[in-house]
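Inspection log for the structure reproduced underneath, given as structure tokens.
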Amino acid sequence: MKRVWTWILKPIQYIKRSFYRKMLLAFFAVIVLTVTSLGVNFYIETSANIKKSEISNMDRATEQAVQTLQLQMGNIKNDAWGFFGDEELQIAYRDIYENLEKIEYFSYKFLFMQNSNALVQIITVNDKENITRIKVMASNNYVEDRDLFESEKARLNQIALSNNGKESWVLTDVYDKQKKQMFQTIAYTQALKDVYADFQPVLGSMIIILSFDKLQIWLNDLKIQDHGEFYLVNKQDSQIILSTEMENIGSLLFQEANLMKWNDHNDEPYAYVTDQGGKSLVFYRSVANTDWILVGKVPVSVLLEEVNALAQRTIIIGFACLLIAMLLASLLSSRVLVPIRRLRVGMRQIQQGKYKVSIPVETNDEIGFFVVSFNKMAMEIDQLIKKVYETELNKKDAEIKALQSQINPHFLYNTLGTIESLAAVQGEDKSIQEICCSLAQMMRYNVNGGSFSTFAEEIQQIKQYLKIQQIRYGARLQYEIEVEPELESVRIPKLLFQPIVENSIIHGIEGLRRGGQIRIKAVAQNELDIVITVKDNGLGMKEERLEKLQTDLAEVSIRDFSLDREQRSIGIVNAHERLKLIYGEVYGLTIESELSKGTEVSIRLMKTVV
Numbered sequence: 001m002k003r004v005w006t007w008i009l010k011p012i013q014y015i016k017r018s019f020y021r022k023m024l025l026a027f028f029a030v031i032v033l034t035v036t037s038l039g040v041n042f043y044i045e046t047s048a049n050i051k052k053s054e055i056s057n058m059d060r061a062t063e064q065a066v067q068t069l070q071l072q073m074g075n076i077k078n079d080a081w082g083f084f085g086d087e088e089l090q091i092a093y094r095d096i097y098e099n100l101e102k103i104e105y106f107s108y109k110f111l112f113m114q115n116s117n118a119l120v121q122i123i124t125v126n127d128k129e130n131i132t133r134i135k136v137m138a139s140n141n142y143v144e145d146r147d148l149f150e151s152e153k154a155r156l157n158q159i160a161l162s163n164n165g166k167e168s169w170v171l172t173d174v175y176d177k178q179k180k181q182m183f184q185t186i187a188y189t190q191a192l193k194d195v196y197a198d199f200q201p202v203l204g205s206m207i208i209i210l211s212f213d214k215l216q217i218w219l220n221d222l223k224i225q226d227h228g229e230f231y232l233v234n235k236q237d238s239q240i241i242l243s244t245e246m247e248n249i250g251s252l253l254f255q256e257a258n259l260m261k262w263n264d265h266n267d268e269p270y271a272y273v274t275d276q277g278g279k280s281l282v283f284y285r286s287v288a289n290t291d292w293i294l295v296g297k298v299p300v301s302v303l304l305e306e307v308n309a310l311a312q313r314t315i316i317i318g319f320a321c322l323l324i325a326m327l328l329a330s331l332l333s334s335r336v337l338v339p340i341r342r343l344r345v346g347m348r349q350i351q352q353g354k355y356k357v358s359i360p361v362e363t364n365d366e367i368g369f370f371v372v373s374f375n376k377m378a379m380e381i382d383q384l385i386k387k388v389y390e391t392e393l394n395k396k397d398a399e400i401k402a403l404q405s406q407i408n409p410h411f412l413y414n415t416l417g418t419i420e421s422l423a424a425v426q427g428e429d430k431s432i433q434e435i436c437c438s439l440a441q442m443m444r445y446n447v448n449g450g451s452f453s454t455f456a457e458e459i460q461q462i463k464q465y466l467k468i469q470q471i472r473y474g475a476r477l478q479y480e481i482e483v484e485p486e487l488e489s490v491r492i493p494k495l496l497f498q499p500i501v502e503n504s505i506i507h508g509i510e511g512l513r514r515g516g517q518i519r520i521k522a523v524a525q526n527e528l529d530i531v532i533t534v535k536d537n538g539l540g541m542k543e544e545r546l547e548k549l550q551t552d553l554a555e556v557s558i559r560d561f562s563l564d565r566e567q568r569s570i571g572i573v574n575a576h577e578r579l580k581l582i583y584g585e586v587y588g589l590t591i592e593s594e595l596s597k598g599t600e601v602s603i604r605l606m607k608t609v610v
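Going by full-length UniProt numbering, 540 is the number at position 540 of the sequence shown; the sequence numbering is gapless.
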């Protein structure tokens, strides 16, 4: 059971592993359902219309056939009534023996009537004693050998006389002496009355026998499909009166059960019946003034031939449409999925660390947009990685140079310690001792590991530096430091202030005859940023010098850092570069200066609490 279940799930898992296969399967499912539903609906609707059309055509053919038969019968009736109303025939018939010439004249008139209607085979006029007074027969190979049995003639004569002048259509038998075979055919009977007498006494009867051969020809000419047939049957028992096949005459067209079904459906012009020949569709119309029905019978298999052909065509066309649609779906899926596959390959390359990926853009649709976005993303990732890589290299380079620079400070620190000890022992000038002490503390601060220190430590460091400069410049140098208390624990880069303060002393205050002042102030601009200003009242800068320095600062970008750090200054520009490296593009230094009034350097950095 487990093996069977695995065998069932295997193709499902195979499809799930590929978006292309899932998409193709979805396309195929939609196409199959659509084409199948359209094909089935087309077949149902069209076959119903074909059946309806065929039934309508066959019903119309049956109606036309019975109308033709009734027209022929009506013509015979009209001709008969025309003779019955003929006064000369009435007079001649009152005394046949005295009017033989007139009787012979009327024989020719009856012959004309017979010749004018192809269905008329025999015309006889009999008296009340069943003696034939006028007899006209069709001139063909069979008529001379055909005649009525005396008993059959007597029966027909009796029918005519008993109906009191009303016409009757009845079945009768004729015998073919040549074929020695009895045939059943149709006869018209009507009593001949003396219409000019007061009580219209019966003078005799007229019997018109229809030609069996002509009836068969007429019936055979009726068209109802290729394998359909018409029958003239008795309404009561479905006995066949007339058929194109001699052997069918006298047999029952339908069995007892079908006859009941026939009667149940007599309010409809057609019905389905089943007999030994299979299921058939029958159409029927009653023949006026008779107990007969004209029946058109068509096997259902014949009726469905066109429907079956339609089904075959529908299946063939449906399969063709399915194949074409599946081919188009496959091509469309491939066109859609080729860029997706390229995207997948590109993503795998990025996973492997190959960031220089560019997929060709072949369309302007959504897939093309995805490809463009992917290419842009890959390019930005590559640039970002380069940027981070170069930044890390710059940091490592700075660390290496810082380590190299620590060699001399260690030696200088030890030497200064020795000088301070000698100055104290020998009692020389205290200023030497103070300079050495301050310089030693500065060297110790510089040598200690780490690139950051607190605000308080950096302020203490700059105070040591200013103390040394005050010994040098005396009263010509004054300074003021103002830091918000909550900023003392904030971590900032080491030696941030010294190059800026040193620049103020050398380029601003040193050339003054009067005393100079440096003011350092640090405030929190917002929750994230700190602004530090270093302002002096020194000589200031010329406009050209200020613009050059501002340009140098503006050109500094963390995207443009060169690994050749020797070509960069180590003063203000270097401090500006450090801040951008640490905090980002929006941070760094700005300088404002006015000749003879002083210079102000603003430092913006991010607040980082210990």
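Glycine included, each C-beta is placed from N, C-alpha and C at the ideal position.
Proximity to residue i [Cα-Cα], best of the options
i	options	result
Y465	G450, M442 and E480	M442
G296	L219, R335, S431 and A320	L219
I385	D365, F369 and G353	G353
V300	P339, I249, K235 and G228	G228
N130	F83, M206 and L528	M206
S593	G508, S56, E152 and M246	G508
L310	K580, M58, R491 and G39	G39
I582	R604, M58 and R514	R604
S504	P493, I518 and K494	I518
Y587	N75, K376 and A554	A554
T124	L192, S602, S162 and A61	L192
N121	D173, K166 and N163	Correcting the residue identity first, residue 121 is Gln in this sequence and not Asn. Out of D173, K166 and N163, D173 has the C-alpha closest to the C-alpha of Q121.
I208	T132, G598, G571 and F254	T132
R155	L528, Q190 and D176	Q190
G571	Q525, L495, G450 and E484	L495
N78	Y188, E390 and Q216	Y188
R513	I530, Q216, R476 and M541	R476
I462	Y445, S451 and G474	Y445
Beta-bridge pairing of residue i - partner residues as DSSP gives them
i	result
R604	V531 and G588
residue 611	Nothing about residue 611 can be reported from this structure: the residues present for the chain run from 1 to 610 only.
N49	Its beta-bridge partners do not exist; DSSP assigns none.
W292	N234
W169	Y188
E245	None, per the DSSP bridge assignment.
F28	DSSP, once it has assigned bridges, lists no residue as partnering F28.
D275	G278
P299	S280
M206	V125 and Q190
K120	According to the sequence shown, residue 120 is Val rather than Lys. In the DSSP output, where bridge partners are listed per residue, V120 has L210.
L332	None; L332 has no bridge partner.
I239	Reading off the sequence shown, one finds Gln at residue 239, where the question assumed Ile. Q239 pairs with L252.
S286	I293
7 Å Cβ cutoff, residue i in contact with chain B
i	result
K356	This model lacks chain B altogether, as it is built from one protein chain only.
Buried versus exposed call for residue i [16 or more other C-beta atoms within 10 Å across all chains shown]
i	result
S562	Residue placement at S562 is flagged as unreliable, the pLDDT there being 43, under the threshold of 50; the coordinate-derived value follows with that caveat. With fewer than 16 Cβ atoms within 10 Å of its Cβ, S562 is classed as exposed.
F230	buried
Q200	exposed
residue 612	Here the chain has residues from 1 to 610 only, and residue 612 is not among them.
F374	buried
N126	buried
W81	exposed
D145	With a pLDDT of only 43 at D145, under 50, the local geometry of the prediction cannot be trusted, and no value is derived from it.
Y479	buried
M182	exposed
K580	buried
N140	Note that N140 has pLDDT 48, beneath the 50 cutoff, so the model's placement of it is unreliable and no number is given.
S162	exposed
E245	exposed
A29	exposed
V160	Here residue 160 is Ala; the residue named in the question, Val, does not match the sequence. Label assigned to A160: buried.
V371	buried
Whole beta strand (DSSP E) runs in the segment 426 to 496 with 3 or more residues, listed along the chain?
-> Restricted to the segment 426 to 496, the beta strand (DSSP E) segments that are unbroken, complete and at least 3 residues in length are 452 to 454, 477 to 483 and 491 to 493, listed in chain order.
Any chance the segment 64 to 72 sits against the segment 284 to 293, with 3 or more Cβ pairs inside 8 Å?
-> Yes, the segment 64 to 72 is in contact with the segment 284 to 293.
Fully enclosed by the segment 339 to 406, which beta strand (DSSP E) runs are 3 residues long or longer?
-> Fully contained in the segment 339 to 406 is no beta strand (DSSP E) run of length 3 or more.
If we count Cβ pairs, one from each stretch, closer than 8 Å, do we get three or more for the segment 236 to 250 versus the segment 306 to 325?
-> Segments in contact, no.
Is the segment 490 to 509 in contact with the segment 547 to 555, if contact means three or more CB pairs nearer than 8 Å?
-> Counting C-beta pairs with one atom in each stretch, the segment 490 to 509 and the segment 547 to 555 have fewer than three that are closer than 8 Å, which means they do not touch.
Taking contact to mean at least 3 C-beta pairs separated by less than 8 Å, is the segment 319 to 330 in contact with the segment 344 to 363?
-> Touching, no.
Is there contact between the segment 380 to 394 and the segment 359 to 366, where contact requires at least three CB pairs shorter than 8 Å?
-> Because the criterion of three Cβ pairs below 8 Å is not met, the segment 380 to 394 and the segment 359 to 366 do not touch.
Should the segment 57 to 65 be called in touch with the segment 333 to 340, which here means at least 3 C-beta pairs below 8 Å?
-> Three or more beta-carbon pairs separated by less than 8 Å are not found between the segment 57 to 65 and the segment 333 to 340, which leaves the two stretches without contact.
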